[in-house]
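Undergrad: One structure, pasted below without further comment.
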Amino acid sequence: MSATRSIFVTNNGLSDHIGTAQVLPYLEGLAARGHRIACLSVEHPTRQDVFDTKIAPRLKRAGVLHSPILRRTLPLAGKLERFAMPALMQSRLDKLVDAFQPDLIHCRSYMPLGAVLPVCKRRGLPFVFDMRGFWVDERCEAGIWQGPLGHSISRHFRKLETKAISDASAIIALTHDAKAVVATRRPSAGSVTSVIPCSVDQTRFRPDKTLRASTRLALGYSAKDVVLVHLGSAGPLYQMGTTYRLLAALQAQRMRGRLLLVGDLDVQQHVQAAQSYGVTLNPAHLTCRHVPHDEVPALLNAADIGLSFRIASKSSLGVSATKVGEYLSCGLPVISNTGIGDINDILPDRRFGLVLAHHDTPAIEHAARTIASAPFAPRAVIRAHAAARFSLERACDVYDALYRSFGIERKAA
């Protein structure tokens, strides 16, 4: 099977958190397997230093051709740019197709579809629709698209979604639950849909006793502290009330519960947010850190249990939370809730964590009692369990096989 030439199109920047964790490693993995890769991304100029020092060298080593579009930094220009971005991406993609002569276009998520679909149609190129969940449903459920303008935007992207699912030569979903949903929209989707969850570099995210000890010392944790960690956004989707209430319930079990929050908010913001859920937290029991992605493994090693709560909905069946794979790869048991894509298969029993059926007081108190009884498997066992599903190498192998299938089709043609 021969290697292919692919243009990977993403609305993310390679220097932002998602780009660093969930785009760049796949580009490197595909390039290492012999494929020729070009990448069209949308970069933020304020992260230029990060790009120059950390991202550009990796692209150069991998031999990936990078064609970035720079975002505008002025507020008004940025808002106008959102409407112009599909045209900007389409123009850049056309030029890149001329220069790079790809065998296929790889479209990551929904935003680039306005550029990818027309270019592929004009050029007769096959494309991979790498869905990354049900983005249109997520926006609607979150109430982001409201009023006449919001409904118009929703209809626009729903049409693009329908066209992409119908016309894609291959579809990639994050979960088996999502694959089943896609099959209801395209009867033949089962034969062209692969499942690749958000994967984790197992060489970076792993249990490390020395790192755990030094990081806990730096954060001021004692040996008796039971540290819950929440990684990422604390927005309304992520059921932070459950997180705060679980900490309080754990402390009611006379355990030295502590909460490590890795994200954008500070301690006082979390204390105030907890009050809105009727929970009074001691600021001394909260630690907030905002760090680059390469410093996350140290913080996870300092923790004891990873938390990943989310509102269960139609769109959540397509969710593969990156942090769940990162928690498990570091050997942390995970507490999550039902209704999230494949979560019951990811956490099949109490050795690996808990899946809450509800967010009510009995369920949270039960989780606290379970934590107190310490039924979880050793970190090495949890990590081995994670590697079978979340290994970056495994994900790159699936992408590699998919790409090579396009090489076979090219030769047959």
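Counting with the working numbering, you get residues -9 to 403 for the letters of the sequence shown.
Glycine included, every Cβ here is placed at the ideal spot set by N, Cα and C.
Given the structure is predicted, the values throughout are model-derived calculations rather than measurements.
Specify the secondary structure class of Gly210 as computed by DSSP and reduced to three states.
TA: Coil.
Undergrad: According to the neighbour-count rule (16 or more other Cβ atoms, all chains shown, within 10 Å of its Cβ), is Pro15 buried or exposed?
TA: Buried, since its Cβ has 16 or more Cβ neighbours within 10 Å.
Undergrad: Between which two residues does the alpha helix (DSSP H) holding Asn334 run?
TA: First-last of the alpha helix (DSSP H) with Asn334: 333 to 336.
Undergrad: If you draw a straight line from the alpha carbon of Ser31 to that of Leu4, how long is it in whole angstroms?
TA: Distance between the alpha carbons of Ser31 and Leu4: 7 Å.
Undergrad: Determine, using beta-carbon pairs with one atom in the segment 367 to 378 and one in the segment 193 to 202, whether at least three such pairs fall under 8 Å.
TA: Segments in contact, yes.
Undergrad: Answer yes if the segment 139 to 146 comes into contact with the segment 316 to 331, meaning at least three C-beta pairs across the two stretches below 8 Å, and no otherwise.
TA: The segment 316 to 331 is not in contact with the segment 139 to 146.
Undergrad: Could you tell me whether the segment 112 to 120 touches the segment 87 to 96, using the rule of 3 or more Cβ pairs below 8 Å?
TA: These segments touch.
Undergrad: For Ala357, which residues in the same chain have their Cβ closer than 8 Å to its Cβ, ignoring the five residues on either side in sequence?
TA: Excluding positions up to five away in sequence, the list reads Leu236, Ala239, Ile325, Leu344, Leu346.
Undergrad: So who's on the other strand from Ala160, going by DSSP bridges?
TA: Val118, per the DSSP bridge assignment.
Undergrad: Taking the alpha helix (DSSP H) that Thr10 belongs to, which residues open and close that run?
TA: Start and end: 7 to 12.
Undergrad: From the DSSP output, which residues share a beta bridge with Phe(-2)?
TA: The partner list for Phe(-2) (beta bridge, DSSP) reads Cys29, His96.
Undergrad: Report the rounded CA-to-CA distance for Leu164 versus Arg98, giving the unit in angstroms.
TA: Whole-angstrom Cα-Cα distance: 12 Å.
Undergrad: Are the segment 303 to 310 and the segment 209 to 217 touching, with three or more C-beta to C-beta distances below 8 Å?
TA: Flag = no, the segment 303 to 310 and the segment 209 to 217 do not touch.
Undergrad: Is Ile330 helix, strand or coil by DSSP?
TA: In this structure, Ile330 counts as coil in the three-state DSSP scheme.
Undergrad: What does Thr183 pair with, by DSSP beta-bridge criteria?
TA: Its beta-bridge partners are Ile161.
Undergrad: Between the Cα of Arg206 and the Cα atoms of Thr36, Leu221, Thr277, which residue gives the shortest distance?
TA: When only C-alpha atoms are compared, the closest one is Thr277.
Undergrad: What residues are listed by DSSP as bridge partners for Leu346?
TA: Leu346 pairs with Asn327.
Undergrad: Nearest CA to the CA of Gly247: which residue from Asp256, Ile336, Leu227, Pro273?
TA: Looking at the Cα atoms, Pro273 is the closest of the given residues.
Undergrad: Ordered along the chain, which non-local residues of its own chain (more than five positions away) have a Cβ less than 8 Å from that of Glu131?
TA: So the qualifying residues of the chain are Ile301, Ser303, Lys304, Ser305.
Undergrad: Which whole-angstrom value describes the C-beta separation of Ile162 and Ile155, a residue pair presumed to lie in contact below a C-beta threshold of 8 Å?
TA: With 8 Å as the limit, Ile162 and Ile155 do not qualify as a contact, their Cβ atoms being about 12 Å apart.
Undergrad: According to DSSP, simplified to helix, strand and coil, what is Asp84?
TA: Correct three-state label for Asp84: helix.
Undergrad: When we look at the beta-carbon of His348 and count the other beta-carbons within 10 Å, is it buried (16 or more) or exposed?
TA: His348 should be labelled exposed.
Undergrad: Per the DSSP calculation, Cys278 is bridged to which residue(s)?
TA: Paired residue(s): Leu251.
Undergrad: Is the distance from the Cβ of Pro108 to the Cβ of Met79 below 7 Å?
TA: No, these two residues do not count as a Cβ contact at 7 Å.
Undergrad: Tell me whether Pro58 sits in a helix, a strand or coil according to DSSP, three-state version.
TA: If DSSP states are grouped into helix, strand and coil, Pro58 belongs with the strands.
Undergrad: Helix, strand or coil, according to DSSP, for Val269 in the structure here?
TA: Of the three classes helix, strand and coil, the one that applies to Val269 here is coil, per DSSP.
Undergrad: Is it the case that the Cβ atoms of Thr52 and Glu18 are separated by a distance below 7 Å?
TA: Here residue 52 is Ala; the residue named in the question, Thr, does not match the sequence. Against a cut-off of 7 Å, the Cβ pair of Glu18 and Ala52 comes out as a contact.
Undergrad: Run the CB neighbour count on Ala293, radius 10 Å, all protein chains shown included, and call it buried at 16 or more, exposed below.
TA: Classification of Ala293: buried, given that the 10 Å Cβ count is 16 or more.
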